[in-house]
Amino acid sequence: MTQIICIAFIAALLSLDTTAFGQFMVSRPIVSATIIGYFLGNVMTGLWMGITVELIWIGSIPMGAAIPIETTAVAILSVVWAVMVRPFDRAGVILALALSIPAGMLFRKFDILVRYVNVKIMHWVEEGVMVGSEKRISIGIYSGLGLFFLKSFILYLIVIYPGQIAVNLLYHQLSHKILAGLRLAWVLLPVLGMGFLLVNTRDGKFPCNKIEEIRQKGHGDERN
Amino acid sequence: MKETKMLLSVLWRSFFIQSLWNFERMQNIGFVFCLLPLLRKIYPDPAKRREVLVRHMNFFNTHPYMSNIIFGMVASLEQDIADGKPMQAEQLSILKNNMAGPLAAIGDTFFWATWRPFSVLVSICAALFLIRFGNGAHGFIVPLLFVFVYNIVPLPFRYWSLKVSYRMHETIVEIIASLEFQYVVDVVKLVSILVLAVAFVFYVFTYAKTFYDTLVFAAVFILSVTLGCFRVSSTLLFFGVIALSIILVYIKG
Numbered sequence: 292m293t294q295i296i297c298i299a300f301i302a303a304l305l306s307l308d309t310t311a312f313g314q315f316m317v318s319r320p321i322v323s324a325t326i327i328g329y330f331l332g333n334v335m336t337g338l339w340m341g342i343t344v345e346l347i348w349i350g351s352i353p354m355g356a357a358i359p360i361e362t363t364a365v366a367i368l369s370v371v372w373a374v375m376v377r378p379f380d381r382a383g384v385i386l387a388l389a390l391s392i393p394a395g396m397l398f399r400k401f402d403i404l405v406r407y408v409n410v411k412i413m414h415w416v417e418e419g420v421m422v423g424s425e426k427r428i429s430i431g432i433y434s435g436l437g438l439f440f441l442k443s444f445i446l447y448l449i450v451i452y453p454g455q456i457a458v459n460l461l462y463h464q465l466s467h468k469i470l471a472g473l474r475l476a477w478v479l480l481p482v483l484g485m486g487f488l489l490v491n492t493r494d495g496k497f498p499c500n501k502i503e504e505i506r507q508k509g510h511g512d513e514r515n
Numbered sequence: 259m260k261e262t263k264m265l266l267s268v269l270w271r272s273f274f275i276q277s278l279w280n281f282e283r284m285q286n287i288g289f290v291f292c293l294l295p296l297l298r299k300i301y302p303d304p305a306k307r308r309e310v311l312v313r314h315m316n317f318f319n320t321h322p323y324m325s326n327i328i329f330g331m332v333a334s335l336e337q338d339i340a341d342g343k344p345m346q347a348e349q350l351s352i353l354k355n356n357m358a359g360p361l362a363a364i365g366d367t368f369f370w371a372t373w374r375p376f377s378v379l380v381s382i383c384a385a386l387f388l389i390r391f392g393n394g395a396h397g398f399i400v401p402l403l404f405v406f407v408y409n410i411v412p413l414p415f416r417y418w419s420l421k422v423s424y425r426m427h428e429t430i431v432e433i434i435a436s437l438e439f440q441y442v443v444d445v446v447k448l449v450s451i452l453v454l455a456v457a458f459v460f461y462v463f464t465y466a467k468t469f470y471d472t473l474v475f476a477a478v479f480i481l482s483v484t485l486g487c488f489r490v491s492s493t494l495l496f497f498g499v500i501a502l503s504i505i506l507v508y509i510k511g
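Order-wise, the sequence lines are chains A and B. Numbering-wise (our numbering), the first sequence opens with residue 292 and increments by one. Numbering-wise (our numbering), the second sequence opens with residue 259 and increments by one.
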């Protein structure tokens, strides 16, 4: 239990970097997953998961009001579940990664919830400033920071243990061939990510981009 | 010295600009939180400062790294207003919000869509090299390298842009325009493609044991580029590759 609390604490601290503090990119999967792997005594699994998640969700970053799937949570949870349950089996690692995706979506939902709660805090700060209480600005900022931290900390605490059980149970239900397929996916997923990276780098300059443009224009004409 | 200390205080506060990000006015409280040390100097009278703070609590949203440009510019223009120069508070508000959008676009394009993938690629090359030739226990070097390579540009930029915009007032707009971000974006993207090519070839040589494996790797790569162009979701393709892997194992027997 102490280990789970420690991991949840470190993970929540790292998650703050996504939105609430700094944006030094320490929350990116390549960093956060490796750090968690290091704390759990398996750096290489952490690094591999970090690379895989980083590449596949390379375009996933909060821009403007868009809130994408929380890749930090996906990377961290996949490492935690894999290292705690099946540290030396690549099939177990990929299974943990697949199961961490719904968790990443859950984290996203709660991230949105925090931003709605922040509206209330913002109004409280505004009312304070109107009557001359400048202190409320700092209190509001640290409350927002605290909320983002608490959201991640509590969610990590809640999902780590059931996730371990789920990975373990599911692993034993899978046939040898499916497990062999997951081991193959372990090497193929970074290739998928490299493809995404190329698309991200050459965005809008592929022939299929033109087809997509024409298709969207066609839909626009139909609507008109 | 005093100015440097004050600007460093604003820089530190700028790391919190999104701490109270909300769906109604986004970074508005973060904005006033960052600007507070400068406003305390410009408006020592709390009653006058209160008016200014309330004025700056309207909607605000930009790229967190580019926000420092707006802090410096707003502070210098607030100084002009406090000194009685002909500048309307409404004009300042319009200017602030008109700058936020284009600066956000520059920040998203350069820092997040170009510099971050480049830093990832450099780190991945190091990771592949380490996995192939080095000791696994040294894997922690890779995230350190990523954080170092990534932050080598935005962190100094955040301080520099704050300092320059504070001193240059609205002429900062011309300075930013002269930086030719698009040219830098094109160059970094070109280098990224070369690094990606090296990483891909190195990866295939390391993990593809047979000609069949090489073909599978090439097929997955082409598939991801093609479907990526059509904006098929990453999550969907992730599960697609897992399904494909299982099918390939069944076919191969």
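Backbone N, C-alpha and C define an ideal beta-carbon position, used for all residues, glycine too.
Just checking: is the beta-carbon of residue i within a distance shorter than 8 Å of some beta-carbon in chain B?
i, result
"Arg-514(A)", "Because the pLDDT at Arg-514(A) is just 45, under 50, the model does not fix this residue reliably, and the point stays unresolved."
"Ile-321(A)", "yes"
"Leu-304(A)", "no"
"Tyr-452(A)", "no"
"Met-340(A)", "no"
"Ser-518(A)", "In this structure chain A extends from 292 to 515, so residue 518(A) is not present and cannot be described."
"Met-292(A)", "no"
"Ser-351(A)", "yes"
"Glu-417(A)", "yes"
"Val-370(A)", "no"
"Tyr-447(A)", "no"
"Thr-325(A)", "yes"
"Ile-298(A)", "no"
"Ile-392(A)", "yes"
"Ile-301(A)", "no"
Locate the alpha helix (DSSP H) running through residue i, then write down its first and last residues.
i, result
"Leu-297(B)", "286-300"
"Pro-393(A)", "381-421"
"Asn-459(A)", "426-464"
"Glu-261(B)", "260-272"
"Trp-372(A)", "362-376"
"Leu-307(A)", "First-last for Leu-307(A): undefined, no H or E at that position."
"Leu-480(A)", "467-492"
"Ser-323(A)", "320-330"
"Pro-360(B)", "347-365"
"Pro-304(B)", "304-313"
"Met-331(B)", "325-340"
"Ile-358(A)", "Segment: none, Ile-358(A) is in no alpha helix (DSSP H) and carries neither H nor E."
"Ile-342(A)", "334-347"
Kindly list, in the order they appear in chain A, the residues whose Cβ is closer than 7 Å to that of residue i.
i, result
"Ile-328(B)", "The contacting residues do not exist; Ile-328(B) stays about 16 Å from chain A at best."
"Asn-280(B)", "Arg-406, Asn-409, Val-410, Met-413"
"Val-380(B)", "Those within 7 Å of Val-380(B) in chain A number zero; the least Cβ separation is about 11 Å."
Note down, in chain order, every chain A residue with its Cβ under 8 Å from the Cβ of residue i.
i, result
"Leu-506(B)", "Gly-472, Leu-475"
"Pro-375(B)", "Ile-349, Leu-488, Asn-491, Thr-492"
"Tyr-461(B)", "Pro-481, Val-482, Met-485"
Distance cutoff 8 Å, beta carbons only. Does residue i sit that close to anything in chain A?
i, result
"Trp-418(B)", "no"
"Phe-581(B)", "Shown here, chain B extends from 259 to 511; a query on residue 581(B) therefore has no answer."
"Ala-340(B)", "no"
"Lys-447(B)", "yes"
"Asn-286(B)", "yes"
"Pro-302(B)", "no"
"Pro-538(B)", "Any property of residue 538(B) remains undetermined from this structure, which presents chain B solely from 259 to 511."
"Ala-333(B)", "no"
So which residues on chain B does residue i lean against when the C-beta distance must stay under 7 Å?
i, result
"Thr-310(A)", "Gln-276, Trp-279"
"Phe-315(A)", "Val-405, Asn-409"
"Tyr-462(A)", "Here the premise fails: no neighbours, minimum Cβ distance about 14 Å."
"Val-478(A)", "Tyr-465"
Cβ closer than 9 Å: which chain A residues qualify as neighbours of residue i?
i, result
"Ile-451(B)", "Leu-489, Thr-492, Arg-493"
"Val-599(B)", "Only positions 259 to 511 of chain B appear in the structure, and residue 599(B) is not among them; the question remains open."
"Met-357(B)", "Ordered by position in chain A, no residue passes the 9 Å Cβ test against Met-357(B), which lies about 15 Å from the chain."
Between residue i and residue j, how many whole angstroms is the CB-CB distance? I'm expecting something under 8 Å.
i, j, result
"Gly-350(A)", "Asn-459(A)", "33 Å between Cβ atoms; not a contact."
"Thr-362(A)", "Gly-383(A)", "With a Cβ gap of about 20 Å, Thr-362(A) and Gly-383(A) do not count as contacting."
"Ala-311(A)", "Tyr-447(A)", "Not really, about 15 Å apart at Cβ, beyond 8 Å."
"Met-345(B)", "Leu-335(B)", "6 Å"
"Leu-390(A)", "Ala-471(A)", "That pair is no contact at about 19 Å."
"Val-405(B)", "Phe-315(A)", "7 Å"
"Ser-436(B)", "Ile-430(B)", "No, Ser-436(B) and Ile-430(B) are not in contact; Cβ-Cβ is about 11 Å, not under 8 Å."
Can you pull the chain E neighbours of residue i, defined as C-beta to C-beta under 9 Å?
i, result
"Ala-389(A)", "The chain labelled as chain E is not found among the protein chains of the depicted structure, namely A and B."
Which residues in chain B sit within 9 Å of residue i, going by Cβ to Cβ distance?
i, result
"Gly-383(A)", "Within 9 Å Cβ-Cβ: nothing; Gly-383(A) doesn't reach chain B, min ~14 Å."
"Trp-348(A)", "Ser-492, Thr-493, Phe-496"
Check the Cβ of residue i against every Cβ in chain B and list those closer than 8 Å, keeping chain order.
i, result
"Ile-360(A)", "Thr-493"
"Lys-468(A)", "Ile-504, Val-507, Tyr-508"
"Ile-432(A)", "Phe-274, Ser-277, Leu-278, Ile-287, Gly-288, Phe-291"
"Val-376(A)", "In chain order: nothing, as chain B lies at least about 18 Å away."
What I want to know is whether the C-beta of residue i ends up closer than 7 Å to one or more non-hydrogen atoms of the ligand GTP.
i, result
"Ala-333(B)", "In terms of ligand content, the structure shown is empty, and the ligand GTP therefore cannot be addressed."
Q | alpha helix (DSSP H) segments (min. 4 residues) lying fully within the stretch 467-495 of chain B | A | 469-487
Q.
Could you tell me which whole alpha helix (DSSP H) segments of length 4 or greater appear in the stretch 378-451 of chain B?
A. 399-409, 412-426, 430-436, all fully within the stretch 378-451 of chain B.
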